[in-house]
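Peer 1: Numbering (the working numbering), first residue to last: 57 to 197.
Note that the Cβ used here is the ideal one computed from N, Cα and C, for glycine as well.
Fair warning: this is a prediction, and the values are worked out from it, not measured in the lab.
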Amino acid sequence: MWNMLWPILIVVATNTVYNISAKSTPENINSFASLSVTYLVAMICSLSMYFISSEKKNLLLELSKANWTTYALGVAIVGLEFGFLCVYRAGWKISTANLFASITLSCVLLIVGFLLYKETLSLRQILGMGVCAVGLILIAK
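Take a look at the structure:
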C-alpha cells in the first residue's frame, strides 16, 4: 500500500509548490528566461539525486540509454510550464486552473489510453467524462 501512496504524496506536494510558484512568478519576467532558471535548478537537483541514488554513478552510461521519450518529455515540460505561466497571467485562479486542466487532461488520456494502448473504455468511463464536462462548465462560470 505504501508503495502506491508515497509517489502520489510526492506528486501532490510538489504540484502544490509548482502551482503556487507558477502563479507567483512575476509578470514582468520573460516566460522563457524564467523557465531557463527553473530548468537550471531542475538540472542541478536531478544530477544531485542521480549521484545520491545511483550505485554505479556512470552518468554517461545512463544517458546512452535515453531514447526519443526523454527528448519528448523535455519538450512537453516546456509546453506545460509555459502554458501554466500563461494560464495564471491570463487571470485564472489557482483554485480552478489546475483543476480545469487536470479534468480535461484526464478525459483526453482516457481516449489516448483506448486508442494507443488498447485500454478498455467502459460505458462508466464515458459517462464519467460527461460528468467531468458538466463539472468543467460549472467551474468555468
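1) Please state the DSSP three-state secondary structure of ALA128.
2) How big is the Cα-Cα spacing for GLY191 and CYS163?
3) What whole-angstrom Cβ distance do ASN75 and ILE150 have, given they're in contact under 8 Å?
4) Can you look up PRO198 in the DSSP assignment and give me helix, strand or coil?
5) Determine, using beta carbons only, whether TYR144 and ALA78 come nearer to each other than 7 Å.
6) Go through its chain and collect everything with a Cβ distance to THR152's Cβ below 7 Å, but skip five positions before and after it.
7) Quick check on the burial criterion: 16 or more other C-beta atoms within 10 angstroms. Buried or exposed for PHE140?
8) Please name the residue, chosen from ILE167, LYS112, MET60, that lies closest to SER178 on a Cα-to-Cα basis.
9) What's the gap between the Cα of ILE182 and the Cα of LYS113?
10) Quick check: what's the CA-CA separation for TYR106 versus VAL68?
11) Could you check the C-alpha separation between LEU171 and ARG180 for me, to the nearest Å?
12) Hey, out of LEU119, ILE64, MET57, SER80, whose CA is closest to LEU147's CA?
Peer 2: So, to answer that:
1) Residue state, collapsed to three classes: helix.
2) When rounded, the distance between both Cα atoms is 12 Å.
3) 6 Å between Cβ atoms; contact.
4) What is shown of the chain runs 57 to 197, which leaves residue 198 out entirely.
5) With contacts defined by Cβ atoms closer than 7 Å, TYR144 and ALA78 form a contacting pair.
6) ILE195.
7) When all chains shown are included, PHE140 counts as buried.
8) Cα-wise, what sits closest to SER178 is ILE167.
9) CA-to-CA, the gap between ILE182 and LYS113 works out to about 46 Å.
10) Their backbone Cα atoms lie some 22 Å apart in a straight line.
11) Straight-line Cα distance between these residues: approximately 17 Å.
12) Reading off the sequence, residue 147 comes out as Gly, not Leu. Considering only alpha carbons, the answer is SER80.
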